[in-house]
Amino acid sequence: MSKGKRIGYGVLSLLPLLFMLLIQVLGGQIIYAAVTVYMSMQPGMDPAMLNDIVYTYFMEHYTGVLVLIQGVTLLVFGCWYYLGFTRKKERGTVKNLLHIHNLAGIFLLSVGIYFFITLFLVAADHLVPDIMDEYNMLMEESGIVGLTLLSSIVTLVMAPLGEELIFRGLTLQYLRKAGLGFHAANIIQAILFGIAHMNWIQGIYAFLLGLILGWLCKRFKTLAAPMLLHMFFNFSGTYIAALIDPLPENIWLYLFLFAAFSIFTFLGIKVLGKAPLYQEKTI
0 MSKGKRIGYG
10 VLSLLPLLFM
20 LLIQVLGGQI
30 IYAAVTVYMS
40 MQPGMDPAML
50 NDIVYTYFME
60 HYTGVLVLIQ
70 GVTLLVFGCW
80 YYLGFTRKKE
90 RGTVKNLLHI
100 HNLAGIFLLS
110 VGIYFFITLF
120 LVAADHLVPD
130 IMDEYNMLME
140 ESGIVGLTLL
150 SSIVTLVMAP
160 LGEELIFRGL
170 TLQYLRKAGL
180 GFHAANIIQA
190 ILFGIAHMNW
200 IQGIYAFLLG
210 LILGWLCKRF
220 KTLAAPMLLH
230 MFFNFSGTYI
240 AALIDPLPEN
250 IWLYLFLFAA
260 FSIFTFLGIK
270 VLGKAPLYQE
280 KTI
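Residues in the sequence shown are numbered from 0 upward in steps of one, following numbering that gives the first Met the number 0.
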């Protein structure tokens, strides 16, 4: 492959992240503008109160806004991945992925990663409280309030699918086409995955999660594998977190988190190590 093509693929590897951020920013602004126009046309609307009313309405329906933005993201990057990297051989690997051993291993590993990241957040809260305050404020202002059906669809299904198409799908594949070995390409896509989260705390643990997701994609030779782990991880962060958050922070909580991380991660890796993998038929 020529040097020019490698550079071209390297540039292409950055475009998915840039387009993702563009869709998120422009999507939010377009919907906000549409709401503003709609509200301004309502009878008896006070122009002086318009901005406050629009902002309140926008935030109250922000989960719906996220559904629209994630829907556009899935459409754009799903078509991009399909047209750029059609995987006829993935039929066999996806079917194999649904084997009970593989599903169990991925689930156990995802829960183990969740407990590790929870322990990381607890440590960060003590070591860098100012940065953690910014992180907590960002999470509160994310727009997803409460565990509703719509918020669960966004968090557990749409976001994982879109992010895997972007980073383990397009970005990782373009980096490999640029001539990088898997480990270098995996590190770079994980860094970009961390950058996409736009804050230090989330960026660090997204980087670590991205490394594992990239490894899983390579191991099972299908994008469905990291998609599943990502969904299971978000499930843990949504529902298991609701059980852990009320617990008081003390040495027993830290020991519990460390023990849970160790046990689930060990079991997940052990199960995945013995799980059957797809083998291509040779003639």
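Using N, Cα and C, we set each Cβ at its ideal position, and we do this for glycine too.
Cutoff 6 angstroms; reference residue i; Cβ partners in own chain excluding five residues on either side
| i | result |
| --- | --- |
| Ile285 | Within the shown structure, residues of the chain are numbered from 0 to 282, placing residue 285 beyond reach of any answer. |
| Phe234 | Leu155 |
| Gly193 | Gly202, Ala205, Phe206 |
| Ala177 | Arg5, Tyr8, Gly9 |
| Ile105 | Leu227, Leu228 |
| Met230 | Leu155, Pro159 |
| Glu162 | none |
| Asp124 | Met131 |
| Lys2 | none |
Nearest-angstrom Cβ-Cβ length linking residue i and residue j, presumed shorter than 8 angstroms
| i | j | result |
| --- | --- | --- |
| Tyr54 | Met38 | With a Cβ gap of about 10 angstroms, Tyr54 and Met38 do not count as contacting. |
| Ile243 | Met131 | Contact doesn't hold; Cβ gap of about 16 angstroms is too wide. |
| Ala189 | Gly168 | Between Gly168 and Ala189 the Cβ distance is about 14 angstroms, and since that is not below 8 angstroms, they are no contact. |
Whether residue i touches residue j by CB criterion (8 angstroms)
| i | j | result |
| --- | --- | --- |
| Met226 | Leu146 | no |
| Leu228 | Leu108 | yes |
| Phe263 | Phe119 | no |
| Asn198 | Glu139 | no |
| Leu126 | Thr62 | no |
| Gly26 | Val71 | yes |
| Ile99 | Ile68 | no |
| Met157 | Leu73 | yes |
| Trp214 | Asn249 | no |
| Leu212 | Val153 | no |
Close-in-space but distant-in-sequence residues of the same chain around residue i (CB under 7 angstroms, 5 per side omitted)
| i | result |
| --- | --- |
| Gly272 | none |
| Gly111 | Phe260, Phe263, Thr264, Gly267 |
| Thr117 | Ile243, Leu256 |
| Phe34 | Residue identity check: residue 34 is Val in the sequence provided, not Phe. Val53, Tyr56, Phe57, listed in sequence order. |
| His196 | Gly202, Ala205 |
| Ala47 | none |
Contacts around residue i, its chain only, beta-carbon distance under 8 angstroms, and the 5 residues preceding and following it disregarded
| i | result |
| --- | --- |
| Leu253 | It should be noted that the sequence gives Tyr, not Leu, for residue 253. Taken in chain order, the residues that qualify are Leu118, Val121. |
| Gln102 | It should be pointed out that residue 102 corresponds to Leu in this sequence rather than to Gln. Counting only Cβ-Cβ distances below 8 angstroms, and skipping sequence neighbours, we find Leu96, Leu227. |
| Arg90 | Because the pLDDT at Arg90 is just 48, under 50, the model does not fix this residue reliably, and the value given afterwards should be weighed accordingly. So no residue of the chain qualifies. |
| Tyr31 | Val53, Phe57 |
> How about the region 171-188 and the region 226-243: do they share at least three Cβ pairs that are nearer than 8 angstroms?
Replying inline: The answer is no - the region 226-243 does not touch the region 171-188, with fewer than three Cβ pairs under 8 angstroms.
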